[in-house]
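**Q** So the protein lines, in turn, are chains W and B. Residue numbers for the first sequence follow our numbering, so the first one is 41 and each next one is one higher. Residue numbers for the second sequence follow our numbering, so the first one is 151 and each next one is one higher. I have a structure here, written as structure tokens, and I will follow up with some questions on it.
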Amino acid sequence: MLIKHSICPSCSVGCGINLINKNGKIVGTYPYKNHPINEGKNCLRGKNIYKIVDENRILIPLKKEQNKLVESNWEDVINLVSNEFKSYSPEEIGILISGTNTNEENELISKFAKGQKITNVGVYADNFPKFNKEIGNYDDLNDAKSILLIGDIIKENPLIGRRIIIAKENGAKIFSVDDVNQTTTSINSTKHFKTFSITKFLEEFPQEIKDELGKSSLIVFNKIDLKEDFDKIVKIAEDSNSKILPVLKDCNSFDAINKVPPLNKEEIAKIINSVKLLLLINIDIFSFFDESEVNIHIPKYLISITHSLNESSSVSNIVLPSYCWAEKSGTFTNTAGEVQSFDRVIKAPENALEEIQILKMIEKKLKA
Amino acid sequence: MSSEFLLIRAKDELVCGLGECGGSVTSILQYLLDNDIVDNVLTIKKEGSVYDAVPVLISNSEELNSTAGSLHCAPTMVADLIPKFINDTKLAVVCKPCDAMGINELEKRNQIDKNNLYKIGLNCGGTLMPKQAKEMFELFYEVNPDDVIKEEIDKGQIIIELKDGTEKGVKIDDLEEKGWGRRENCQRCEIMIPRNTDIVCGNWGAEKGWTFVEMVTGKGKDLVNNGIKEGYIESKTVSQKQIEIREKLEGIMINLMKKFGEKHLIIEYPSLEKWDEYWNRCIECYGCRDICPICWCNECEIEKNYMKNSIELPPDPLTFQGIRLGHMSFSCINCGQCEDVCPMEIPISRIYKKMQRKYNEKTEYIAGFSDELPPLFSSTNE
Ligand SMILES: Cc1cc2nc3c(=O)[nH]c(=O)nc-3n(C[C@H](O)[C@H](O)[C@H](O)COP(=O)(O)OP(=O)(O)OC[C@H]3O[C@@H](n4cnc5c(N)ncnc54)[C@H](O)[C@@H]3O)c2cc1C
Ligand code: SF4
Ligand code: SF4
Ligand code: SF4
Ligand code: SF4
Chain W
41 MLIKHSICPS CSVGCGINLI NKNGKIVGTY PYKNHPINEG KNCLRGKNIY
91 KIVDENRILI PLKKEQNKLV ESNWEDVINL VSNEFKSYSP EEIGILISGT
141 NTNEENELIS KFAKGQKITN VGVYADNFPK FNKEIGNYDD LNDAKSILLI
191 GDIIKENPLI GRRIIIAKEN GAKIFSVDDV NQTTTSINST KHFKTFSITK
241 FLEEFPQEIK DELGKSSLIV FNKIDLKEDF DKIVKIAEDS NSKILPVLKD
291 CNSFDAINKV PPLNKEEIAK IINSVKLLLL INIDIFSFFD ESEVNIHIPK
341 YLISITHSLN ESSSVSNIVL PSYCWAEKSG TFTNTAGEVQ SFDRVIKAPE
391 NALEEIQILK MIEKKLKA
Chain B
151 MSSEFLLIRA KDELVCGLGE CGGSVTSILQ YLLDNDIVDN VLTIKKEGSV
201 YDAVPVLISN SEELNSTAGS LHCAPTMVAD LIPKFINDTK LAVVCKPCDA
251 MGINELEKRN QIDKNNLYKI GLNCGGTLMP KQAKEMFELF YEVNPDDVIK
301 EEIDKGQIII ELKDGTEKGV KIDDLEEKGW GRRENCQRCE IMIPRNTDIV
351 CGNWGAEKGW TFVEMVTGKG KDLVNNGIKE GYIESKTVSQ KQIEIREKLE
401 GIMINLMKKF GEKHLIIEYP SLEKWDEYWN RCIECYGCRD ICPICWCNEC
451 EIEKNYMKNS IELPPDPLTF QGIRLGHMSF SCINCGQCED VCPMEIPISR
501 IYKKMQRKYN EKTEYIAGFS DELPPLFSST NE
């Protein structure tokens with residue numbers, strides 16, 4: 041049994057978590073009490089996150105033959121991938137990623153795309169745009185006088201939720217907004233506003249909240265309807281001298297949206313529908329699309345770099361098995377903009393390769 | 151069997167210097183590993199700073215030096231790690247009273263085999279939460295917390311030693327009056343000397359550089375005597391006066407802790423309205439259950455009956471905590487782990503400890519100490 045520090049990759053808060061390694065397998069978690077963000081506290085998702093290491097794990101490169109994924113080897117699949125890359129023009133190729141890749145991976149992905157002159161690149165980021173605004177930090181929350189919450193922050197990002205509870209115990213006023221009547225956040229706020237549209241709510245921003253927002257206030261939001269909503273929130277914050285804290289989707293969305301364009305569903309769909317070759321890096325496009333909602337057509341050739349078999353990888357032409365976060369060292373930038381490094385806790389399966397290595401192999405082959 | 155006392159310290163000068171009070175614990179562990187009496191040692195190890203520690207399992211006695219010393223900002227719990235991850239080995243475990251009580255409850259639930267285990271107890275006056283400790287050192291000691299290289303609790307003070315060799319102390323009472331100091335559970339923890347182990351080590355009653363050891367069991371007496379015989383530790387006899395000093399300190403501490411117990415569990419116990427507010431924020435993460443060293447049902451009924459419809463709002467505290475209260479509150483050892491990990495700042499252990507107190511008043515069942523589970527519960531939980 042060996043217990044080691046890590047960072048929870050399950051949401052963008054960036055909590056510390058200790059992983060218990062027994063005989064090369066992660067068998068549980070243990071509180072990381074010295075971590076400044078969460079002091080040993082984790083939510084249910086965080087505590088269970090270690091299970092993703094073995095879930096639907098892909099152990100060997102796969103390629104599609106007669107409509108079925110069959111086992112292959114690295115040489116073979118890298119050859120196939122590079123041949124496909126060579127047979128399309130850059131406009132016909134797309135790269136989509138999630139916000140779960142490390143800073144180092146994002147850097148390389150962006151360089152790779154530029155090198156190949158591929159412009160159809162992006163990270164799925166809900167409706168969050170790239171921004172260049174000063175943001176509040178978690179400690180600001182503890183001492184805030186008033187907080188506006190957009191989305192069910194307490195339930196979905198509990199270790200930010202905790203700070204809100206602390207603020208409330210210290211006498212802060214908590215306002216919440218959502219498109220449902222009751223949420224964990226709403227039942228813990230001073231006043232809840234139900235709205236059909238967050239955009240509309242921001243446009244007709246209640247005077248009642250405006251009156252309470254000031255220098256030690258924060259607007260914390262994990263959902264918006266439109267990219268433009270972001271600027272509306274920024275405007276409200278600027279007018280009231282308060283701070284914003286956008287809570288992004290994934291553990292490293294903060295870095296990803298600064299290295300590749302952040303895309304919402306429609307923009308993702310546009311890329312999917314316009315390219316012939318699509319490379320997916322640790323992203324399952326079907327996890328946020330349901331086909332009835334947006335009409336998407338799977339491109340002619342789909343390549344997945346991922347550690348687990350999901351809906352996207354199961355329809356891919358090539359599946360390249362990569363490392364899980366616990367198997368590599370790197371850095372994530374949390375939603376408050378803090379860069380945190382984490383170390384490898386266990387060894388990856390024998391036939392998996394680290395994302396960086398996979399991209400470098402493809403790059404090398406393309407140069408040859 | 152009545153206890154015997156000795157003053158001991160490591161014979162090896164290096165270990166003696168590394169240890170908190172003469173390195174006796176470390177050298178006894180070395181003796182156990184070197185002589186294949188145990189396969190592994192379970193204790194805790196510093197990670198970078200005095201505020202950070204993780205449990206470690208050690209099989210090579212040379213690695214033990216890195217674990218010497220007491221860490222007061224490391225509120226760890228190791229009891230449940232044994233049945234979960236280490237059950238297949240002959241083990242020695244270093245335990246604070248809460249660790250030792252957890253082990254005792256698990257032994258009674260047939261989750262730990264007594265015969266495969268050496269329990270090396272430590273006296274304990276309390277631990278601090280790392281972040282709180284750092285803020286406190288900044289605020290009350292006016293030092294950079296990163297400069298702190300050692301901390302101890304002695305003579306009613308929390309004393310820190312800085313990089314440059316200076317020492318600073320502040321009275322625990324003064325700190326705790328203002329809401330700082332030791333964890334709330336430690337403030338009311340009534341067990342200072344865990345006599346449910348084989349030997350108990352501490353500095354009370356000992357002169358500087360030595361450990362006062364109380365050998366509780368026959369196994370413990372053999373262990374210390376063989377450690378001396380094999381040249382790992384040296385010993386001195388204990389004077390009557392030293393025994394009295396230690397008893398007196400223990401008595402003073404227990405009285406103080408009882409006062410805290412009254413304060414937390416009676417005088418300042420949250421009102422029903424406050425509990426309603428607490429339950430409203432419960433996110434049903436089961437953190438409190440999962441971390442509790444005593445919660446040990448193979449197929450937890452909370453999961454079975456409750457998880458399915460846990461999306462209800464507001465959360466239903468009676469069903470969820472109720473099952474746990476019925477299953478284990480009589481065994482609550484007041485370790486505070488549940489409260490430490492609660493993301494929603496719910497003082498959850500107060501309920502369990504309060505129930506345990508009531509149960510104890512009625513039945514005299516002492517959680518973590520009594521030899522047998524109360525008859526009603528002895529078979530229901532496995
Ligand atoms: C938090 C704490 C509070 C204490 N309070 C008192 C007290 O009030 N009165 C008293 O007489 N004695 C107290 N002690 C015991 C005392 O400090 C020494 O640990 C004891 O005398 C043994 O000294 P040593 O040199 O033989 O131990 P060492 O050879 O230094 O070995 C110490 C062992 O304790 C382990 N350890 C260190 N910190 C912890 C921890 N937080 N939890 C679990 N294991 C740990 C180490 O890993 C190591 O194995 C306390 C110890 C701790 C850890
Ligand atoms: S709040 Fe987010 S980062 Fe923290 S434990 Fe939960 S999922 Fe992990
Ligand atoms: S609960 Fe008791 S034994 Fe455990 S760390 Fe606190 S004071 Fe020590
Ligand atoms: S209920 Fe809480 S305080 Fe009591 S034994 Fe369990 S974790 Fe420890
Ligand atoms: S740890 Fe706290 S929030 Fe989680 S289930 Fe227990 S009481 Fe509820």
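Even glycine gets a Cβ: it sits at the ideal position worked out from N, Cα and C.
Does DSSP put W:K104 in a helix, a strand or coil?
**A** Position 64 of the first sequence, counted from the first residue, corresponds to residue 104 of chain W. DSSP places W:K104 in strand when its eight states are reduced to three.
**Q** CA-CA distance, W:L320 and B:C336?
**A** Numbered from its first residue, the first sequence carries residue 320 of chain W at position 280. Numbered from its first residue, the second sequence carries residue 336 of chain B at position 186. Those two C-alpha atoms are separated by around 51 Å.
**Q** Just checking my contact of B:M342 with B:G252 at CB under 8 Å: how many whole Å lie between their CB atoms?
**A** Your numbering for residue 342 of chain B matches position 192 in the second sequence. Your numbering for residue 252 of chain B matches position 102 in the second sequence. Their Cβ separation, rounded to whole angstroms, is 16 Å, which puts B:M342 and B:G252 out of contact at 8 Å.
**Q** Drop a sphere of 10 angstroms on the beta-carbon of W:G162, count the other beta-carbons inside from all chains shown, and report buried for 16 or more, exposed for fewer.
**A** Translated into the one-based positions of the first sequence, residue 162 of chain W becomes position 122. Buried: at least 16 other Cβ atoms inside 10 Å.
**Q** I'd like to know whether the C-beta atoms of B:L192 and B:L256 end up nearer to each other than 9 Å.
**A** Translated into the one-based positions of the second sequence, residue 192 of chain B becomes position 42. Translated into the one-based positions of the second sequence, residue 256 of chain B becomes position 106. No, Cβ-Cβ distance for B:L192 and B:L256 is not below 9 Å.
**Q** Nearest chain B C-beta to W:N160 closer than 9 Å, yes or no?
**A** Translated into the one-based positions of the first sequence, residue 160 of chain W becomes position 120. So no, W:N160 is outside the interface.
**Q** Using a Cβ cut-off of 8 Å, pull out every chain B residue sitting near W:V355, in sequence order please.
**A** Numbered from its first residue, the first sequence carries residue 355 of chain W at position 315. The contacting residues do not exist; W:V355 stays about 31 Å from chain B at best.
**Q** Grouping DSSP H, G and I as helix and E and B as strand, with all else coil, what is W:N313?
**A** Taking the first sequence and counting its residues from 1, one reaches residue 313 of chain W at position 273. In this structure, W:N313 counts as helix in the three-state DSSP scheme.
**Q** Are the C-beta atoms of B:K281 and some chain W residue less than 9 Å apart?
**A** Sequence index remark: in the second sequence, residue 281 of chain B carries index 131 (1-based). Yes, B:K281 lies at the interface with chain W (some Cβ there is under 9 Å from its Cβ).
**Q** Starting from the beta carbon of W:T224, find every residue of chain B whose beta carbon is closer than 7 Å, and list them in chain order.
**A** As a first step, residue 224 of chain W must be located in the first sequence, where it is residue number 184. By Cβ distance, chain B contributes I433, L463.
**Q** Can you give me the Cβ contacts of W:A388 inside the same chain, cut-off strictly under 6 Å, excluding the 5 residues immediately before and after it?
**A** Walking along the first sequence from the start, residue 388 of chain W turns up at place 348. Closer than 6 Å at the Cβ level, and outside the excluded window around W:A388, lie Y363, E367.
**Q** So W:C83 contacts chain B; which residues on that side make the cut at Cβ distance below 9 Å?
**A** Within the first sequence, the letter at position 43 stands for residue 83 of chain W. What W:C83 touches in chain B: I433, C435, G437, P493.
**Q** Give me the chain B residues within the contact set of W:N228, using Cβ-Cβ distance strictly less than 7 Å, ordered along the chain.
**A** As a position in the first sequence, residue 228 of chain W is number 188, starting the count at 1. Going along chain B in sequence order, the residues near W:N228 (Cβ under 7 Å) are N430, R431.
**Q** Is B:E514 helix, strand or coil when you go by DSSP?
**A** Numbered from its first residue, the second sequence carries residue 514 of chain B at position 364. Here B:E514 sits in coil by DSSP.
**Q** Out of B:N375, B:I441, B:L463, state which residue places its alpha-carbon closest to the alpha-carbon of B:F155.
**A** Numbered from its first residue, the second sequence carries residue 155 of chain B at position 5. Of the listed residues, the one whose Cα sits closest to B:F155 is B:N375.
**Q** Classify B:N273: buried if its beta carbon has 16 or more other beta carbons within 10 angstroms, exposed otherwise.
**A** In the second sequence, residue 273 of chain B corresponds to position 123, counting from 1. With 16 or more other Cβ atoms within 10 Å, it is buried.
**Q** Between which two residues does the alpha helix (DSSP H) holding W:A207 run?
**A** Your numbering for residue 207 of chain W matches position 167 in the first sequence. Looking at the DSSP string, the run of the alpha helix (DSSP H) that includes W:A207 is 198-209.
**Q** Between the segment 373-404 of chain W and chain B, which residues of the former have a C-beta closer than 7 Å to a C-beta of the latter?
**A** The segment 373-404 of chain W vs chain B, Cβ under 7 Å: nothing.
**Q** Suppose contacts are defined by Cβ-Cβ distances below 9 Å. Is W:E395 in contact with W:I345 by that definition?
**A** One-based indexing of the first sequence puts residue 395 of chain W at position 355. One-based indexing of the first sequence puts residue 345 of chain W at position 305. Yes, they are a contact pair.
**Q** Sort W:L42, W:G54, W:S50, W:H45 by Cα distance to W:T373 and report the nearest one.
**A** Stepping through the first sequence from its first residue, residue 373 of chain W is reached at position 333. Comparing Cα positions, the closest option is W:G54.
**Q** Just by C-beta distance, which residues in the segment 247-261 of chain W are closer than 9 Å to chain B?
**A** Hits within the stretch: zero.
**Q** What's the gap between the Cα of W:I343 and the Cα of B:G437?
**A** The residue you call residue 343 of chain W lines up with position 303 of the first sequence. The residue you call residue 437 of chain B lines up with position 287 of the second sequence. Those two C-alpha atoms are separated by around 39 Å.
**Q** How many Å lie between W:L393 and W:K400 at the Cα?
**A** For the purposes of this step, residue 393 of chain W is taken as the residue at position 353 of the first sequence. For the purposes of this step, residue 400 of chain W is taken as the residue at position 360 of the first sequence. In a straight line, the C-alpha of W:L393 is about 11 Å away from that of W:K400.
**Q** W:L199 versus chain B: which residues are under 7 Å apart at the beta carbon?
**A** Translated into positions along the first sequence, residue 199 of chain W becomes position 159. By Cβ distance, chain B contributes P493.
**Q** At 3 residues or longer, what runs of the beta strand (DSSP E) sit wholly inside the segment 348-372 of chain W?
**A** Whole beta strand (DSSP E) segments, 3+ residues: 358-361.
**Q** Out of W:L349, W:S353, W:S348, state which residue places its alpha-carbon closest to the alpha-carbon of W:I338.
**A** Within the first sequence, residue 338 of chain W is the residue found at index 298, counting from 1. The candidate whose alpha carbon is nearest that of W:I338 is W:S353.
**Q** Thinking just about the alpha-carbon of each residue, which of B:E213, B:E384, B:D490 is nearest to the one in B:R333?
**A** Mapped onto the second sequence, residue 333 of chain B falls at position 183. Here the closest residue by C-alpha is B:D490.
**Q** Is the CB of B:K408 under 9 Å away from at least one CB in chain W?
**A** What you label residue 408 of chain B is simply residue 258 of the second sequence in a count that begins at 1. So no, B:K408 is outside the interface.
**Q** Please check if any C-beta of chain B sits within less than 9 Å of the C-beta of W:G211.
**A** For the purposes of this step, residue 211 of chain W is taken as residue 171 along the first sequence, with counting starting at 1. It does not; no Cβ of chain B falls within 9 Å.
**Q** Tell me whether W:G80 counts as near ligand 3, meaning its Cβ is closer than 8 Å to at least one heavy atom of that ligand.
**A** Position 40 of the first sequence, counting from 1, holds the residue named residue 80 of chain W. It does not: the Cβ of W:G80 is nowhere closer than 8 Å to a heavy atom of ligand 3.
**Q** Is DSSP giving B:G329 helix, strand or coil here?
**A** Numbered from its first residue, the second sequence carries residue 329 of chain B at position 179. Looking at B:G329 - three-state DSSP - the assignment turns out to be coil, as it is neither helix nor strand.
**Q** Could you work out which residue in W:L99, W:I43, W:G191, W:I149 is closest to W:K289 when comparing CA atoms only?
**A** In the first sequence, counting from the first residue as 1, residue 289 of chain W sits at position 249. Ranking the options by Cα distance to W:K289, first place goes to W:G191.
**Q** Where in the segment 103-173 of chain W do unbroken runs of the alpha helix (DSSP H), each at least 4 residues long, occur, reported from the N-terminal end onward?
**A** You should have 114-126, 143-155.
**Q** Are the CB atoms of W:N228 and W:L253 within a distance shorter than 9 Å?
**A** Within the first sequence, numbered from 1, the residue matching residue 253 of chain W stands at position 213. Within the first sequence, numbered from 1, the residue matching residue 228 of chain W stands at position 188. Not in contact: W:L253 and W:N228 (Cβ atoms no closer than 9 Å).
**Q** Could you confirm whether any beta carbon from chain W is found closer than 9 Å to the beta carbon of B:D304?
**A** In the second sequence, counting from the first residue as 1, residue 304 of chain B sits at position 154. Closer than 9 Å: no.
**Q** What residues of chain B sit near W:V232, judged by a beta carbon separation below 8 Å?
**A** For the purposes of this step, residue 232 of chain W is taken as the residue at position 192 of the first sequence. Checking the sequence, you will find His at residue 232 of chain W rather than Val. Those do not exist, as W:H232 stays about 12 Å from chain B at its closest Cβ, beyond 8 Å.
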